[in-house]
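Remarks on the structure that follows.
Residue numbers (the working numbering): 66 to 354.
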């Protein structure tokens, strides 16, 4: 199992980065919550930030226990659907390998390229996350999803920091060869608590998927968190996925103004500059430079 290192001594403007690692620590999370309440007993009376609803209601609000039959979320594709997928691919997509590369590559700074557990998250700058299983792991590696809308209803309570300013959410924690830069302003204790709370609530309400060789997942990245259990490969069976980031200008939800630069960057490459590596490589964003 891969381990991560926290950097509680990282300084910026005289402040310390909270002692928080990539892997949420339940004991540390509960201790941080208790400490914040001791330091400020008025936190439960703090109103939500302006514009944040106290609760959202939608079919997108669900819990793993709500789904009893795999047929409710598994769909067999026919020729018509495959043609539609091919057409959607032409509207904009980014294709890459997802595989453990720790034995062949150096400087890995993202858990997608290890056998490590991935915590609940969304991909940056993406509408739809599609995963095609070329092969599953010899052991473990369960794919999990969780309603971000359901998690929001739990998070929308006084005392938790839900909105900015976040200095750089993608680099709020360190992972392997990609440490958190000391130049990035530290997050607050409240934001550290919110990050861990998000994961543990995602875990609480999650659904584990029976993701097998030949299966394809389509995940609404704007409404669903996803995660992955740690896994073990063998000489005969190595987990290998193809990940396709999809969007449809016609059917996509409206991208919030603050997020448009990320979306534009993801799909900025013109067709003649788009490539697909035949052999797995580590994305630049997950490399130490």
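All C-beta atoms, glycine included, are put in the ideal place defined by N, C-alpha and C.
Residue i, buried or exposed, once every other Cβ within 10 Å from all chains shown has been counted against 16
| i | result |
| --- | --- |
| residue 286 | buried |
| residue 326 | exposed |
| residue 291 | buried |
| residue 137 | exposed |
| residue 208 | buried |
| residue 264 | buried |
| residue 316 | exposed |
| residue 333 | exposed |
| residue 318 | exposed |
| residue 311 | buried |
| residue 270 | buried |
| residue 174 | buried |
| residue 133 | exposed |
| residue 177 | buried |
Contacting residues, own chain, Cβ-Cβ under 8 Å from residue i (five flanking each side not counted)
| i | result |
| --- | --- |
| residue 298 | 165, 180, 202, 203, 304 |
| residue 123 | 214 |
| residue 302 | 200, 201, 202, 203 |
| residue 89 | 184, 260, 261, 264, 265 |
| residue 330 | 190 |
Candidates the options: closest to residue i by CA position
| i | options | result |
| --- | --- | --- |
| residue 188 | 167, 210, 250 | 210 |
| residue 346 | 261, 214, 307, 326 | 307 |
| residue 139 | 272, 90, 257 | 272 |
| residue 343 | 335, 316, 312, 161 | 161 |
| residue 130 | 268, 111, 339, 283 | 268 |
| residue 142 | 256, 282, 121 | 282 |
| residue 172 | 244, 148, 108 | 244 |
| residue 328 | 93, 178, 112, 193 | 193 |
| residue 86 | 190, 331, 182, 313 | 182 |
| residue 300 | 119, 106, 168 | 168 |
Residue i in three-state terms, based on DSSP
| i | result |
| --- | --- |
| residue 291 | strand |
| residue 102 | helix |
| residue 359 | Because the chain here runs from 66 to 354, residue 359 falls outside it and cannot be looked at. |
| residue 133 | coil |
| residue 265 | helix |
| residue 260 | helix |
| residue 81 | strand |
| residue 170 | coil |
| residue 164 | strand |
| residue 186 | strand |
Residues near residue i by beta carbon distance below 7 Å, same chain, minus five either side
| i | result |
| --- | --- |
| residue 205 | 294, 295, 296, 297 |
| residue 198 | 276, 277, 278, 279, 280, 306 |
| residue 254 | 83, 97, 101 |
| residue 126 | 212, 214, 215, 218 |
| residue 135 | 275 |
| residue 121 | 214, 217, 218 |
Own chain residues within Cβ distance below 6 Å of residue i, not counting five before or after
| i | result |
| --- | --- |
| residue 170 | 347 |
Minimum Cβ-Cβ distance from residue i to chain C less than 8 Å
| i | result |
| --- | --- |
| residue 121 | Annotation note: the requested chain C is absent from the structure, which comprises a single protein chain. |
> Residue ranges of each beta strand (DSSP E) run of no fewer than 3 residues wholly in the region 190 to 224, ordered along the chain?
Replying inline: 193 to 200, 208 to 212
> Mind pulling the beta strand (DSSP E) runs of 3 or more residues that sit fully within the region 276 to 333?
Replying inline: 281 to 285, 289 to 293, 305 to 311
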